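Below is one structure; the comments refer to it alone.
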């Protein structure tokens with residue numbers, strides 16, 4: 001593995017870890033605050049509602065890009081970023097501090113969407129979303145959600161390829177729908193400067209060809225790692241497996257792990273985290289070999305497999321682990 005590939009893999013894993021630890025830290029507080037989104041979190045049809053919402057949002061975004069309403073999508077994502085940041089920060093800070101800080105995140109995304117601003121907002125959004133859905137989806141609904149989205153992801157990338165059209169529109173918005181993984185120290189995602197000699201600017205290259213997963217998958221061969229300044233991973237690739245991690249920590253009957261800090265964690269949740277990282281490493285190895293791929297089949301599959309192995313290891317019967 002080249003040094004660039006190693007740095008990229010390490011940074012991607014670090015961002016995934018922050019999202020997962022953030023979600024686990026938020027689970028108890030979200031539960032205590034009554035943030036659960038469904039009255040009966042064990043109902044598998046909850047997953048179908050969320051999947052339908054994803055399909056509707058995909059159609060609306062494709063329509064917005066087709067008819068040049070990109071700014072509407074960007075404004076919606078920036079607003080949602082601020083809202084989720086308020087949910088997250090409101091758990092730890094009084095409203096007088098949480099509200100202006102959340103607004104600051106939204107403003108920063110709007111006026112200065114550099115890659116580290118996008119990634120920081122993405123971690124906050126991802127942890128908040130995964131924590132919310134983790135306490136709202138029981139284990140069975142969470143597994144159904146991850147399994148269906150993994151299949152949908154594969155079909156939309158390798159079959160219908162409509163995700164490619166969505167990716168083309170999203171990449172230019174510079175919002176935390178994607179996480180930016182820089183491979184060079186001087187990388188910038190902002191447009192080139194007035195002199196036009198910012199070789200690391202995203203505007204200088206083909207953003208589609210520097211991608212990793214469904215949000216940025218492309219036909220043909222991706223450029224060699226040595227030719228890239230950055231690659232991109234969809235925020236959903238970090239959030240979806242973390243939903244199962246948070247759900248396992250909250251709903252599994254396995255005994256909690258005492259790790260010395262206030263973090264919702266048990267063996268099934270820990271094993272789901274490990275499975276996610278195994279899937280991530282396989283995904284990045286495939287990508288660095290020269291081809292973009294759908295992320296959720298490997299990531300969700302790793303999380304589900306890890307969760308089941310961890311449940312058995314914790315003495316939880318398999319049917320109980322599956323929520324049956």
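In UniProt numbering, the protein residues as written are 1 to 324.
Glycine included, every Cβ here is placed at the ideal spot set by N, Cα and C.
A quick note: this is a predicted structure, and the numbers were derived from the prediction, not measured.
Distances from the CA of residue 278 to each of 160, 149 and 296 were compared; the closest alpha carbon is that of 296. With a 10 Å radius around the Cβ and a threshold of 16 neighbouring Cβ atoms, residue 170 comes out buried. A direct Cα-to-Cα measurement between residue 146 and residue 260 gives close to 30 Å. Pairing residue 238 with residue 272 gives a Cβ-Cβ distance that is not under 7 Å. Looking at the DSSP output, residue 256 bridges to 266.
In the assembly as shown, residue 42 is an exposed residue. Its beta-carbon has fewer than 16 other beta-carbons within 10 Å. The straight-line gap separating the alpha-carbon atoms of residue 150 and residue 301 is approximately 8 Å. Taking a 10 Å sphere around the C-beta of residue 45, we find fewer than 16 other C-beta atoms and assign the residue as exposed.
Taking a cut-off of 8 Å on C-beta distances, the segment 19-37 touches the segment 128-135, as three or more cross pairs fall below it.
The alpha-carbon separation between residue 281 and residue 15 amounts to approximately 13 Å.
Taken through DSSP and simplified to helix, strand or coil, residue 188 comes out as strand.
For residue 324, no alpha helix (DSSP H) encloses it, and the DSSP letter there is neither H nor E.
Secondary structure in the segment 43-68: the alpha helix (DSSP H) runs of 4 residues or longer, each lying completely within the stretch, are 45-66 in chain order. Assigned with DSSP and collapsed to three states, residue 41 falls in coil, not helix or strand. Around the Cβ of residue 57, a 10 Å sphere holds fewer than 16 other Cβ atoms; the residue is exposed. Excluding residues up to 5 positions away in sequence, 181 and 182 lie with their Cβ nearer than 8 Å to the Cβ of residue 11 in the same chain. A check of alpha carbon separations from residue 270 across 73, 318, 241 and 184 identifies 241 as the nearest.
Annotation: residue 288 to residue 95 spans about 44 Å, alpha carbon to alpha carbon.
In the structure shown, the three-state DSSP call for residue 4 is helix.
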